[in-house]
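The structure appears right after this line, and notes come after that.
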Amino acid sequence: MECQRKILLSYKIKKNLPFANESLGYVVGWETEEETFCMGITASIEHVLLGLEVIGFFCQVQERLGQNELLAICEQKYGSLKLDLENPVVLFLWKEDGDVNIIAKSYSSYYGTLTDLDLSDIDTNPTVLVRARGHVPLILEIASDPDTLKENVELALEKLRTVFQSQMVAFILHGCNYIVHSSQDGSTMKMKELIKLVNENESSENLKIKKNLKKKCPLDFDILLQTSGNAALENNFNHSIVIHCQRREFRCISLSVPLDVIVVGFESTCTDTIYNLLQSAVDRQLSQISQCLLTHVKSLETLLPVPHHFYPDMWEFPVTLIYPSNKTDKELENYRKELHKKLLLPLDRPFLRKLNACDFSIVSPSGHLINPHEGLNSSGVVGGKCAIVYGKYNYHHYMQDHVNDNGWGCAYRSLQTIISWFKYQGYTDRSVPTHTEIQEACREFGDNTNILCSKSGLDSQEGASA
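In full-length UniProt numbering, the protein residues as written are 1 to 466.
Put into structure tokens, the structure is as follows:
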């Protein structure tokens, strides 16, 4: 059968699909006139970034099946996924003789037919991530009645959503003060031009680092709300103010709620499209914040819903989740397990702890470089093999942190680098130890009782003990 269109499959899907904990799920990406880009898989579309679309579904089968058998599977699974697609892409996966086989089909739900598709790998991600951040005030009246309190939460968040659905919101680009306003402002500037504006104000050193990063740094915007002019008056009543006074005792809380959204665009995407995506993303996040407040309504006075971005290495795109600030990772463990299943993440290590969150910085808050190996060229050693560390770490080196350890601090710095990796992967929440803390640990273990306050280097045994 003649192939109709070309399917480009992310190598990360090909690598991780065999290990998905679900045999059925959604495929997300985007489509052009001639090609379809399959860039991610998920069991739930709840957390898919705006700018990406559901383009089909995947299905794991036990063995190679004939066309009629595959068609029967499509007819059965299509309805359960509730897809609103006439011709979804279907990825079938099976294992045979130790190899993983993936084929692509186009399923016509109207005609009940399957068409072969040409499947090719893609190892680059042509998208541009766009991030917008800000804070919005939220005032809630605390009621003793749980139902009334929930109504107050819903009403307050609905008012905020109404504001952001209007033309009062704007987004200002970091580094060049370019403002993206409403979709009605006639702007035709493209993302490629915005990237150029930002790069012109970026240092050459930072540009080089960003170019070599495996994970893209997004274009950063701040969220602004217009407080004057016609747009700000749209939601006001066009009659005299009426004040209703009710004398009673009441309690209220005032929160400065953080907003932090990411959407997906392309270099050819116009700013009016980006405006609409960011506006919709903020609206969706306010809805998620409302759900977080309602879920933990009993602890509202100590709660702040905080967005966190997570960027597992097996993903082409980050995911944004809302966590309550007053809950520890341990308290959120069951919720995170549910998220792992929804996002098809393995359960053998943490991916969604607060410590796993990604802030897209090229330098850590402490000033240490993050993952400097990503910018290194190949050594050129004949027959050499490249082994890349999974996850992030801080690079600690001599003479940093106001400590003169020249000539004796090598093992200390290596240990600090290793512990920073454990911290970034969510295995520990303790800070990276100082030289003194490392020496105290060695003394307590009994390896070297005279090491404290000395300039003595560590041997491998002492480093392991610490």
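The beta carbon of each residue, even a glycine, is placed where N, CA and C say it ideally should be.
All of these numbers come straight from a predicted model, not from anything done at the bench.
- Judged by DSSP in its simplified three-state form, residue 105 adopts strand.
- Residue environment for residue 260: buried (at least 16 other C-beta atoms within 10 angstroms of its C-beta).
- For residue 39, the three-state secondary structure derived from DSSP is strand.
- With at least 16 other beta carbons inside 10 angstroms of its own, residue 305 counts as buried.
- Here the alpha carbons of residue 41 and residue 342 stand approximately 10 Å from one another.
- In this structure residue 412 is in contact with residue 405, their Cβ atoms being roughly 6 Å apart against a cut-off of 8 Å.
- Sequence-distant Cβ neighbours of residue 423 in its own chain, meaning closer than 8 Å and more than five residues away, are 355, 429, 430, 431, 432.
- Contact annotation: residue 51 and residue 264 have beta-carbon atoms nearer than 8 Å.
- Fewer than three Cβ pairs drawn from the region 145 to 161 and the region 95 to 108 lie within less than 8 Å of each other, which leaves the two stretches out of contact.
- For residue 224 against residue 170, the beta-carbon gap comes to about 5 Å, under 8 Å, which counts as contact.
- Considering only 81, 75, 106, the residue with the shortest C-alpha distance to residue 89 is 106.
- A direct Cα-to-Cα measurement between residue 67 and residue 46 gives close to 32 Å.
- Within the same chain, and ignoring the five residues on either side of residue 112 in sequence, the residues whose Cβ sits closer than 8 Å to its Cβ are 71, 75.
- The Cβ atoms of residue 13 and residue 104 lie no closer than 8 Å to each other.
- Here the alpha carbons of residue 77 and residue 110 stand approximately 15 Å from one another.
- Shown here, residue 272 sits in a helix according to DSSP, grouped into three states.
- Note: residue 60 is bridge-paired with 93 in the DSSP secondary-structure output.
- Non-local beta-carbon contacts of residue 145 in its own chain, meaning distances under 6 Å to residues more than five positions away in sequence, are absent.
- Residue burial annotation: residue 439 is buried, with at least 16 other C-beta atoms found within 10 angstroms of its C-beta.
- With respect to the C-alpha of residue 397, the residue from 391, 410, 389, 385 having the closest C-alpha is 410.
- The region 287 to 303 makes contact with the region 321 to 328: 3 or more CB pairs, one atom from each, lie closer than 8 Å.
- The three-state reading of DSSP puts residue 322 in strand, counting E and B together.
- Taken through DSSP and simplified to helix, strand or coil, residue 181 comes out as coil.
- Residue 418: member of the alpha helix (DSSP H) spanning 410 to 424, first to last residue.
- For residue 333, the secondary structure class from DSSP, reduced to helix, strand or coil, is helix.
- In the three-state DSSP reduction, residue 171 falls in the strand class (E or B).
- Of the candidates 297, 340, 402, 266, 340 places its Cα closest to the Cα of residue 314.
- For residue 309, the closest C-alpha among the options 11, 348, 218 is that of 218.
- Look at the beta carbons and you see the region 53 to 69 not touching the region 264 to 277: under three pairs across the two are nearer than 8 Å.
- Within 10 angstroms of the beta-carbon of residue 334 lie fewer than 16 other beta-carbons, which makes it exposed.
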